[in-house]
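Asker: There's a structure below that I have some questions on.
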């Protein structure tokens, strides 16, 4: 018996990726901002500046390349590919590990919020910034 796959157009997959990357980027920054009440003013400034610096580096050296590679992969999928193909299957494993680590770090006090906030800001900005690759592809390369 064949298991039905919810198939969608490749542009829908790119749109799902864009929305997911943007939403996760916003969520990570939300978590970081929620920790600001635990930090002094100078620590907040350090977290923001450090996060922006990390975000630019991570976006340029990693996430932008991943987004472009993912767009290329999606465009080469057959029409009406499975809706879950917006990420490669290997990426789902990496996402599960990263989410688990994030939950663990947020729920414990092993790493001070002063150090977590810039990382969350950086990852959030990098994800959000790199999501623009997906939006650009949808709008300009249709």
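Numbering (our numbering), first residue to last: 4 to 145. Glycine included, C-beta positions come from ideal geometry on N, C-alpha and C.
Which same chain residues end up closer than 6 Å to residue 132 when comparing Cβ atoms and leaving out the 5 residues on each side of it in sequence?
Answerer: The residues are 62.
Asker: Starting from residue 106, trace the alpha helix (DSSP H) both ways and give me its first and last residue.
Answerer: Its alpha helix (DSSP H) spans residues 92–110.
Asker: Output the distance between the C-alpha atoms of residue 29 and residue 138, rounded to the nearest integer angstrom.
Answerer: Whole-angstrom Cα-Cα distance: 16 Å.
Asker: Locate the alpha helix (DSSP H) running through residue 42, then write down its first and last residues.
Answerer: From DSSP, residue 42 is part of no alpha helix (DSSP H); its letter is neither H nor E.
Asker: For residue 60, collect the residues of the same chain with a Cβ closer than 6 Å to its Cβ; drop the 5 residues on either side in sequence, then sort them by chain order.
Answerer: Excluding positions up to five away in sequence, the list is empty.
Asker: Start and end of the alpha helix (DSSP H) containing residue 73?
Answerer: Here the alpha helix (DSSP H) through residue 73 covers 67–78.
Asker: Between the segment 97–107 and the segment 9–23, can you find at least three pairs of beta-carbon atoms closer than 8 Å?
Answerer: Contact between the segment 9–23 and the segment 97–107 is absent, because fewer than three Cβ pairs lie under 8 Å.
Asker: Quick one: residues in its chain with C-beta nearer than 6 Å to the C-beta of residue 120, no 5 flanking neighbours on either side, listed in chain order?
Answerer: The answer, listed in chain order, is 35, 38 and 50.
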